[in-house]
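Okay, structure first, notes after.
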Amino acid sequence: MEKKSEIRIQNTEWLQRYSKFFILTPVFFIVTSCSSVAQKNGKPYYEDLSKLRPKVELPVESKKNDTVKEIKHEVSPTKNINAKVDVVLDSIDRFNLTRKFLDGFTIQIYSGQKKEDAMNAMKKMKEEVPELTASVKYEQPKFRVIVGRYFTRLEAQSDLLLLKRKFSTASLVPEKISIK
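Listed below in structure tokens is the structure:
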């Protein structure tokens, strides 16, 4: 008898837990099916709202003055604004002087645990693409051969495509670039 009551309690807990799912699932399918039916027509929706637009009548001027009139803008004094902007620019300049690294990207052509393979990859890189310089970095437990320092993905894209032809494992890697 106790097992039956435990099973009933478990069933009611399960029903309470998942009842929202059972209610919302059919509603979701009805809404999505209705929206797809409305879009199957194939014709774009068009409605002429020109009847509802307000009619504006422009004053009629003589046709002799059809030239565009110049609008004179008054310049406000900027003494206070310049001082405030200078303070902000100075604080940005001080912050930039303290920065040692920038977020950027490099192209990684090799990553592995063997130093010989890293050196061979760097040698192959120098032979096949002499206009780019490669360097070997050791970050325990891996040796990495990286090429270039780029500030954006867009800058690195052309070199990445060039290196992908020679090294199938070449990939763009986010990295901190030191500022000198």
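The sequence shown maps to residues 542 to 721 in my numbering. C-beta: ideal position from N, C-alpha, C; glycine also.
- Between Ile-718 and Arg-690, the C-beta spacing is below 8 Å.
- For Arg-594, there is no enclosing alpha helix (DSSP H), as DSSP marks it with neither H nor E.
- Taking C-beta separations shorter than 6 Å and ignoring five residues to either side along the sequence, the partners of Ser-652 in its chain run Lys-683 and Arg-685, following chain order.
- In terms of Cβ geometry, Met-660 and Val-677 form a close pair [threshold 8 Å].
- Looking only at Pro-595, Thr-553, Thr-647 and Glu-598, the smallest Cα-Cα distance to Asp-700 is reached by Thr-647.
- Taking all protein chains in view, the Cβ of Phe-708 is crowded by 16 or more other Cβ atoms within 10 Å, so the residue is classified as buried.
- Pro-715 carries a strand assignment under DSSP once its states are collapsed to helix, strand and coil.
- Beyond the five residues adjoining it in sequence on each side, Leu-713 comes within less than 7 Å, by CB distance, of Phe-646, Ile-648, Arg-694, Ala-697 and Leu-701 in the same chain, given in chain order.
- Boundaries for Lys-655: no beta strand (DSSP E) harbours it, and the DSSP string shows neither H nor E there.
- Taking the C-beta atoms as reference points, Phe-692 is found no nearer than 8 Å to Leu-638.
- If you draw a 10 Å sphere on the C-beta of Ile-650, you find 16 or more other C-beta atoms in it, and that means buried.
- Here Arg-694 carries a helix assignment [DSSP, helix/strand/coil].
- Here the C-alpha atom of Lys-584 lies approximately 55 Å from the C-alpha atom of Ile-622.
- Taking the Cβ atoms as the reference, Leu-630 lies roughly 41 Å from Val-670, outside the contact range of under 8 Å.
- Classified as exposed, Ile-571 has fewer than 16 neighbouring CB atoms from the shown chains inside 10 Å of its CB.
- With respect to the C-alpha of Glu-657, the residue from Tyr-679, Val-568 and Thr-674 having the closest C-alpha is Tyr-679.
- Between the C-alpha atoms of Ile-564 and Ser-574 there is a straight-line separation of about 17 Å.
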